[in-house]
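Please read the structure below before turning to the comments.
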Amino acid sequence: MIESGMKAPEFTLPDENGNEISLSDFSGKKVVLFFYSKDMTAG
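Read in order, the letters of the sequence shown correspond to residues 0 to 42 in numbering that gives the first Met the number 0.
Next up, the structure:
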């Protein structure tokens, strides 16, 4: 479990266009991660 203030682990995921985006692509920038379940979405 990641606690508040801890550095997030590196990961890569596809964006809505299928392009791979890595957390490291945003190094030095503020990032907000929003995860939601696939239930009741087009995904």
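For each residue, glycine too, the CB sits at the ideal point set by N, CA and C.
Because the structure is a prediction, the values reported are computed rather than measured.
Using only CA atoms, which one of the options lies nearest to residue i?
i     : options                       : result
THR11 : GLU19, VAL31 and MET5         : GLU19
PRO13 : ASP38, SER21 and VAL31        : SER21
ALA7  : ASP38, ASN16, GLY27 and GLY17 : GLY27
Would you call the CB atoms of residue i and residue j closer than 8 angstroms?
i     : j    : result
SER23 : GLU9 : yes
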